[in-house]
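All remarks here apply to the structure that follows.
There are 2 protein chains.
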Amino acid sequence: MNMNEAIDLLKNKGYKTTGKRKDILTFFEQADGYRTAKDLIQHLESTYEGISFDTVYRNLHLYNELGILETTELNGEKHFRMKCTHHHHHHFICKDCGKTKEIDVCPMEEVTKRLANYDIEGHKFEIYGVCPACQTV
Amino acid sequence: MNMNEAIDLLKNKGYKTTGKRKDILTFFEQADGYRTAKDLIQHLESTYEGISFDTVYRNLHLYNELGILETTELNGEKHFRMKCTHHHHHHFICKDCGKTKEIDVCPMEEVTKRLANYDIEGHKFEIYGVCPACQTV
DNA sequence: TTTACAAATCGTAATCATTACGGTATTATA
DNA sequence: TATAATACCGTAATGATTACGATTTGTAAA
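Chains as they are written, first to last, in numbering that gives the first Met the number 0: chain A, 0 to 136; chain B, 0 to 136.
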């Protein structure tokens, strides 16, 4: 998902494309990794002083519902990033900068075989650590 | 990890084995799956009316540090279960009853190869859904 | 078995992320 | 440009978790 696809999606669904909505998309497009609501608020404050929590969280939820953003929970805080739409994969997540690296390994085919009578609704596979750019040594 | 191992560990480390601590262990031993702090408080209330949040959370953290419990974050709430100490594996987690099923599949060997310059500190692989016992059909 | 003291607990307040809401402003489009 | 639906603001409420001074309790030495 990118900026233009997201804006088209908003328009097609009848949502208004406000300046704040565009700026939120730009923020995540440039982030290239996971960011929190707090990160976003801090970023938006420079342009929109006193922006409301309501606006931020409402739009994060909207984008999540529309499949513009994907989310994960780390350290008791929700993190968001632009949704990867091209093919199924997982992520290494850098705990310092939040940037992600695609991992094209998924063991679900094998796992599904072993859970014959289970109703599988989803799965999560994430690798945590420090990316090369953030290593101080 | 089981009740007796946990109590021995507490004693060896110089922690006191109070009635509440034992009851918390019993609760998780019988749970056979993930439970929240709220679940635990509700259970303890029947024996210890007005038990303090401090007591509950302090002991959950202690048990987590000592490797008696393991934890995961679901729906914005921390969930705890007795730690599996025998060998490395992952879990299917039933969203209705919290019970888990061991999954002896872990793709980390392959993943490690693909993250040569990355400092890997941990990973999470969980499968979510409904277990056979909770399926209403 | 008392005593002494560190550890554990209580009762409650504070914190942090998130959600909710009534009133106002803005956007899309007719 | 008028209109109505949508978005936003300012702020209060919620829910999980953390924190803290005062009090109680286990443990082990005397």
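No residue lacks a Cβ here, since even glycine has one placed at the ideal position from N, Cα and C.
Closest to Gln-134 (chain A) by C-alpha separation, out of A:Glu-108, A:Leu-114, A:Cys-96, would be which residue?
A:Cys-96
Suppose the cutoff is 7 Å on Cβ atoms and the five residues either side in sequence are ignored; what does the same chain contact list for Phe-26 (chain B) look like?
Leu-39, His-42
Arg-34 (chain B) versus Ile-50 (chain B) - alpha carbon distance:
18 Å
Can you give the Cα-Cα distance for Thr-111 (chain A) and Ile-119 (chain A), rounded to whole angstroms?
8 Å
Output, in chain order, the set of chain A residues within a Cβ distance shorter than 8 Å of Gly-121 (chain B).
Ile-126, Tyr-127, Gly-128
Helix, strand or coil for Lys-94 (chain B)? Go by DSSP, reduced to three states.
coil
If we call anything under 8 Å between Cβ atoms a contact, is His-78 (chain A) one with Thr-84 (chain A)?
no
If Ile-102 (chain A) and His-88 (chain A) are in contact, beta carbons under 8 Å, what's the gap, nearest whole angstrom?
Beta-carbon to beta-carbon, Ile-102 (chain A) and His-88 (chain A) are separated by about 6 Å, close enough to satisfy the 8 Å threshold.
Does DSSP put Ile-23 (chain A) in a helix, in a strand, or in coil?
helix
Starting from Asp-53 (chain A), trace the alpha helix (DSSP H) both ways and give me its first and last residue.
52-64
Any beta carbon of chain B sitting closer than 8 Å to that of Phe-79 (chain A)?
no
What are the start and end residues of each continuous beta strand (DSSP E) run of 3 or more residues lying completely inside the stretch 69-93 of chain B, in chain order?
76-81, 89-93
Given that a residue counts as buried once 16 or more other Cβ atoms are within 10 Å of its Cβ, and exposed if not, what is Asn-74 (chain B)?
exposed
Residues of chain A with a CB under 9 Å from the CB of Gln-134 (chain B): which are they?
For Gln-134 (chain B), the chain A residues whose C-beta falls within less than 9 Å of its own C-beta are Asn-116, Tyr-117, Asp-118, listed in chain order.
Gly-97 (chain B) versus chain A: which residues are under 7 Å apart at the beta carbon?
Listed along chain A, no residue sits closer than 7 Å to Gly-97 (chain B) by beta-carbon distance, the nearest being about 14 Å off.
Output needed for Met-107 (chain A): all residues of its chain with C-beta closer than 7 Å, excluding positions within five of it in sequence on either side, in chain order.
His-122
Determine which residues share a DSSP beta bridge with His-122 (chain B) and list them.
DSSP, once it has assigned bridges, lists A:Ile-126 as partnering His-122 (chain B).
Checking 8 Å against the spacing of the C-beta atoms, do Ile-6 (chain B) and Thr-16 (chain B) come in under that value?
yes
Rounded straight-line distance, which links the Cα of Lys-12 (chain B) to that of Lys-224 (chain A):
Absent from the structure is residue 224 (chain A), since the part of chain A shown begins at 0 and ends at 136.
With DSSP as the reference, identify every bridge partner of Lys-100 (chain A), one or two as the case may be.
A:Phe-91
Under a three-way DSSP split, which group does Gly-13 (chain A) fall into?
Gly-13 (chain A): coil per DSSP, three-state reduction.
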